[in-house]
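Engineer: Sharing a structure below in structure tokens format, with a few things to ask.
Residue numbers (this note's numbering), protein chains in the order written: chain A, 14 to 259; chain B, 1443 to 2515.
Okay, structure coming up:
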């Protein structure tokens, strides 16, 4: 009886095993790296309908975040400003700039002569309504639907915008700077005292903390008696599931 | 959630539209950021599908990120409306009109879509409680089956203007008749006066709430309507009056009733006598219940009236089971102050007698007031049948479905042109020359008066979704009034400027409460006789259904799936009979019978109902609809049968009929609780108010029953440690730091005031995005309600230990069910500290938080259902299917199946009702009561924001060492069930704060834990019920109610069969008890 299988097949089980382990390991490594929020999200920088520069507005012009995101202290959502907010300034500043056309269109709609009144001849589809084109900004930061993140309770309690959004004031076009994964949230919740900053520094994205005589950062209101801002404000960052999942 | 749809279906409009600004038609939901997804073809769910597929393909190469991150858009306003903050709900005061009044409400709107209805606590005659129909009515707004647009000749779709023009054309020539439902809107009444000469107006309601006005008017010879104040009545006699359930204004009655029942410690607890045929919710809460035919109630009323000195009445023969002693004692109690109420199913004579008694016992001006209520002068439906007209305008109601059979509706409209204004494309819309889609009360302007006379506003929260018209608009058009509905209402109120705004803001006009009318003495001339039913005749009783009313809620899934508070049947009505009647006829549950009254007959299945009068057949109205509605006609099959045609016009709620067996297989009922007895277990604990074993002498009676009682300490306490034997180790014992010492959420439910009205069940469903599952799933025990109401019967001679059978089927044949006492118990997650569910979850999907909440983490759950198996209270619910993702008839479709083929008409409209603060659960996860964690979190966040503001202000003032507390204030969190409860039986709050309401409630000596012997330390506890029988009144079988029947069962059953039978054990306890 001849040998049906060549000799090397004796090593086949080992090869299969080793190969399997390598392949499995590769898949696991790949998935655990590439499927994480860090890889999938950080760096996400979609093209927006208007090339709005946070760098110019927030940094060079020095507008506060809350000038445009004005409801962030009252609502779970940080609102994207309406076109009317932009037009507060841009009705006079760069009033005819081509880049701002979508904003103007969204603000004036069919009111072609911009007098605030919809003339019958302006009403293109004769419905007596001022139809306005949309200004579809592309969403960058998003938590999953089962996560109930509340902006107001963070920004009013000394958590800066920069903690989750990075140095938006240095970005021309906003990109996703932090992973916003559950681990990212918990890291901060477990060390709230290191992340809470004086309430007037919340929108100061460049603020780096006060330093003591040795140059170390400290997070205390009063270094003499050691009461921290977290104690004063009663901050107890919850690590319970109920904090975010309902 | 989708916000942009094709242009033919407009789901909602923006806030701008609500504020009367212009709104672009190309963008029907000009909608703020966050909830928006413009891309029709690529939704988040599609993304999840792809995501799943890409996981499967992971080994083939790691895909690029492009397809895994869908582009989502944020679309802000062009011009920001004032006072609108995206993500913060807005609240508007309004009212839900009912037949004879209104329920004042506050409606929550999220991003412009109404999502939840609560009672208006500021209204002078409201405590913020509501009823189940008010809670459920919001679902109608998003009913996918509601009429989607106006329809002219040849099924042409008409917009509002075109529809009104078509209406003008139809009503111009010839004689017009208008048929309306009942309501008491002052604006409608004003428009109707302008219709005189232009049209004849008739009114019809299958549920005759107007009898209260007619009865009082006949009694006093003056146009008045009774207004009961049950908190002022020491004794209440209900003459077939289901004031807790089936009568108008039930939520108000429950509130007042509870107020007085609660007064245990000032010795003012009221006593309730009930004489009725069908087991009603009022009967279920009675201290003494007399089971008689509805036709015998007049005799009982006369007997009691003559005992109290109303002259000129002959008693006649009373049914055998009516004992003289019962009547005497009832009269005695009434003499000491109380009130008598007659039900809407009773003839006028009984109403007059009730008022005669009220006059004699001095109730008038005390527990019953009379408010002026003029006859609206509209003809009845019987008058319509005799009238001559060319065009009939049917507004609201549904006469083709629910008109009395002898009127022959089809013949009546033959050859006439018909205009129909209806919420659904229903029976009455068939063959209409013009169909107008009616608006929901949340889409229209209107007004009404609540029963106390206060004027309330009905204001729209949303533009009509489908170009509908309101009743007021159509009537105004016919009357030639050119004002808009808004202007009509404003003109009626005579308010303008800030007055008008204030009126809308509050939802009611301050100080418009009616002044009680002065009434003279009662004329009993019309009360001498009434239709009666002989002992040997079969009585057919027509009942307003607890869940679907007269059929107007038949297509409301929450109502259909709500277990009837008494029968616990869902998705059905039945021919309810007593055990004796069933035995005489040889019936068992589900047998089909044919009920005949005169020329009309209807077939339906039998259900044996404990406590029902022998020789009666009770038919609940509102089922057997012939519409395309996918709830009323679930899965293409009619739900229940239609009893309306059986009822001749002009009779009270009962007639003499006959019955015979009908062919057909036995019917399957989807009943959520088919075992009736507690089998002597101490689940619901009760005591009498008075007597040897009564509450007055033993205030701590609740702690002496059950395995966890003090008397059982020798079995349950470990003598070595002095602590209870534990099944589970308490997590807090091992690690006390896990427990937040400042906040521990807890709930207390007072069984003494809970009447089982089920408003909480629907409120929970509305708040927590709980889906319905359909009849076949309920039959499999898969209903999803987080909060259910358990209803138990206890009876004389029911001794479970004495050779009794545990078989559910046999309970129907036993004599103890003839005159049972009924108890209700709301049952929801108990939030055990040492929760059995948590210890068995393999993936930590159910865990505890430090504030005492037993959490359910949906995205961890893998659906093992171990937790549900290990829960002793059976309050966990499992999503066997994607109930939220698919129409009910497509549940069994695979995960990739398209919804479109099963859903040609936009089933997903219903998604707009979802509460954005609560996760919508998917297939395969467990869920349960969360103590409304979203409301807790909201309150905490509100408080934290406030604390920061206080801190900043204090620092700005220059204060030193400022610290602020973030503790939520007392009463800061109200759960949905608590808020809806008209009886205020549910109290929620912080148990760790000894001064909170819930701590106060739990301090009661009546406080006990259900299944406390398991020592899981639930945070939900109950306060035992106290009955208040007159100990001299005999029970039905020569017993006296010296103890509640459940206590007798408990003792007879050797303290429940959950435990052992040791030597001398029973004896020792009998002596103690």
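Cβ coordinates follow ideal geometry from the N, Cα and C atoms, glycine included.
Ordered along the chain, which non-local residues of its own chain (more than five positions away) have a Cβ less than 6 Å from that of residue 1437 of chain B?
Structural biologist: Chain B is shown only over 1443 to 2515; residue 1437 of chain B falls outside these bounds and no answer can be derived.
Engineer: Consider the Cβ of residue 192 of chain A: report whether some Cβ of chain B lies at a distance smaller than 8 Å.
Structural biologist: With 8 Å as the cut-off, residue 192 of chain A does not count as an interface residue toward chain B.
Engineer: Go ahead and label residue 2096 of chain B buried or exposed: buried means 16 or more other beta carbons lie within 10 angstroms of its beta carbon, across all protein chains shown.
Structural biologist: Under this definition residue 2096 of chain B is a buried residue.
Engineer: On the DSSP letters alone, give me the boundaries of the alpha helix (DSSP H) that residue 2439 of chain B sits inside.
Structural biologist: Counting along the chain, the alpha helix (DSSP H) containing residue 2439 of chain B begins and ends at 2439 to 2444.
Engineer: Would you mind listing the alpha helix (DSSP H) stretches within the stretch 1998 to 2045 of chain B that are 4+ residues and don't spill past its ends, in chain order?
Structural biologist: Listed in chain order, the complete alpha helix (DSSP H) runs (minimum 4 residues) inside the stretch 1998 to 2045 of chain B are 1999 to 2003 and 2021 to 2027.
Engineer: What residue range is occupied by the uninterrupted beta strand (DSSP E) comprising residue 1710 of chain B?
Structural biologist: That residue, residue 1710 of chain B, is in no beta strand (DSSP E); it is neither H nor E in DSSP.
Engineer: Going along the chain, which residues of its own chain have a beta-carbon closer than 6 Å to the beta-carbon of residue 2518 of chain B, five neighbours each way excluded?
Structural biologist: Residue 2518 of chain B lies beyond the stretch modelled for chain B, which goes from 1443 to 2515, so this question has no answer here.
Engineer: Output the distance between the C-alpha atoms of residue 1503 of chain B and residue 55 of chain A, rounded to the nearest integer angstrom.
Structural biologist: The pLDDT assigned to residue 1503 of chain B is 43, lower than 50, so where the model puts this residue is not dependable; a value taken from the coordinates is nonetheless given after this. Cα-Cα distance, rounded: 21 Å.
Engineer: Just to confirm my understanding: we take residue 1990 of chain B, look at its own chain, exclude 5 residues before and 5 after, and list those with CB closer than 6 Å. What are they?
Structural biologist: If we look at residue 1990 of chain B and ignore the five residues flanking it on each side, its Cβ neighbours are 1996, 2001 and 2064.
Engineer: Report yes if the C-beta of residue 2291 of chain B is less than 7 Å from at least one heavy atom of the ligand NAP; otherwise report no.
Structural biologist: In the structure shown, the ligand NAP is absent, as is every other ligand, since no ligand is present at all.
Engineer: In chain order, what residues of the same chain have a beta carbon less than 6 Å from the beta carbon of residue 2192 of chain B, not counting five sequence neighbours either side?
Structural biologist: Counting only Cβ-Cβ distances below 6 Å, and skipping sequence neighbours, we find 2427 and 2465.
Engineer: Pull out every residue of the stretch 53 to 68 of chain A whose Cβ sits closer than 9 Å to any Cβ of chain B, in chain order.
Structural biologist: So the close ones are 53, 54, 57 and 59.
Engineer: What's the call for residue 248 of chain A, buried or exposed, on a 16-neighbour Cβ count within 10 Å?
Structural biologist: Label assigned to residue 248 of chain A: buried.
Engineer: Would you kindly check if the distance between the Cβ of residue 255 of chain A and the Cβ of residue 164 of chain A is under 8 Å?
Structural biologist: It is not a contact, given that the beta carbons lie outside the stated cut-off.
Engineer: Taking DSSP's pairing of strands, which residues face residue 2050 of chain B in a bridge?
Structural biologist: Bridge partners of residue 2050 of chain B: B:2019.
Engineer: With H, G and I counted as helix, E and B as strand and the rest as coil, what does DSSP make of residue 257 of chain A?
Structural biologist: Coil at residue 257 of chain A, not helix or strand.
Engineer: So what does DSSP say about residue 1558 of chain B, is it helix, strand or coil?
Structural biologist: Strand at residue 1558 of chain B.
Engineer: Thinking C-beta only, is residue 2368 of chain B closer than 8 Å to residue 1414 of chain B?
Structural biologist: Because chain B in this structure spans residues 1443 to 2515, residue 1414 of chain B falls outside the shown range and cannot be described.
Engineer: Starting from the C-beta of residue 66 of chain A, find all residues in its chain whose C-beta is less than 6 Å away, skip the five residues before and the five after it, and write them out in chain order.
Structural biologist: Taken in chain order, the residues that qualify are 185.
Engineer: Taking C-alpha atoms, which residue in B:1792, B:2231, B:1730 and B:1702 lies nearest to residue 1740 of chain B?
Structural biologist: Checking every option, the nearest Cα to that of residue 1740 of chain B belongs to B:1792.
Engineer: To which residues does DSSP link residue 1813 of chain B through a beta bridge?
Structural biologist: Bridge partners of residue 1813 of chain B: B:1667.
Engineer: Count the other CB atoms, across all protein chains shown, that sit within 10 Å of the CB of residue 2252 of chain B; report buried if there are 16 or more and exposed otherwise.
Structural biologist: Per the 10 Å Cβ criterion, exposed.
Engineer: Does the structure place the stretch 1962 to 1977 of chain B close enough to the stretch 1746 to 1755 of chain B that three or more beta carbon pairs sit under 8 Å?
Structural biologist: Taking 8 Å as the limit for Cβ pairs, the verdict is that the stretch 1962 to 1977 of chain B does touch the stretch 1746 to 1755 of chain B.
Engineer: For the stretch 2289 to 2312 of chain B, which residues have a CB atom closer than 7 Å to at least one CB atom of chain A, in sequence order?
Structural biologist: Answer in chain order: 2289, 2291, 2292, 2295, 2297, 2299, 2300 and 2301.
Engineer: Report the option in B:1626, B:1877 and B:1833 whose CA atom is closest to the CA atom of residue 1598 of chain B.
Structural biologist: That would be B:1877, whose Cα lies nearest to the Cα of residue 1598 of chain B.
Engineer: For chain B, is any of its Cβ atoms less than 8 Å away from the one on residue 254 of chain A?
Structural biologist: Chain B, which has a Cβ nearer than 8 Å to the Cβ of residue 254 of chain A, makes this yes.
Engineer: Using C-beta distances below 6 Å, list every residue in its chain close to residue 1743 of chain B, excluding the 5 sequence neighbours before and after it, in chain order.
Structural biologist: Cβ neighbours of residue 1743 of chain B beyond the five flanking positions: 1681, 1792 and 1795.
Engineer: Between the C-alpha atoms of residue 1859 of chain B and residue 2093 of chain B, what's the straight-line distance to the nearest angstrom?
Structural biologist: Cα to Cα, the separation comes out at about 29 Å.
Engineer: For residue 25 of chain A, does the three-state DSSP call read helix, strand or coil?
Structural biologist: Residue 25 of chain A falls in the helix class under three-state DSSP.
Engineer: Could you pull the DSSP bridge partners for residue 1942 of chain B from this structure?
Structural biologist: DSSP, once it has assigned bridges, lists no residue as partnering residue 1942 of chain B.
Engineer: Please classify residue 2393 of chain B: does DSSP put it in a helix, a strand, or coil?
Structural biologist: Residue 2393 of chain B falls in the helix class under three-state DSSP.
Engineer: Check this for me: beta carbons of residue 2431 of chain B and residue 2412 of chain B, under 8 Å apart or not?
Structural biologist: Yes; because the gap between Cβ atoms is below 8 Å, this pair is in contact.
Engineer: As an exercise, report each continuous alpha helix (DSSP H) stretch of at least 4 residues that is fully enclosed by the stretch 2285 to 2328 of chain B, in chain order.
Structural biologist: If we require 4 residues or more, the alpha helix (DSSP H) runs fully inside the stretch 2285 to 2328 of chain B come out as 2308 to 2312.
Engineer: Name, please, each residue of chain B whose Cβ falls closer than 9 Å to the Cβ of residue 150 of chain A.
Structural biologist: In chain order: 1475, 1515, 1516, 1517 and 1518.
Engineer: Counting only C-beta atoms, is residue 170 of chain A closer than 8 Å to chain B at any point?
Structural biologist: So, interface residue.
Engineer: What residues of chain A sit near residue 1529 of chain B, judged by a beta carbon separation below 7 Å?
Structural biologist: Correct list: 88, 89 and 90.
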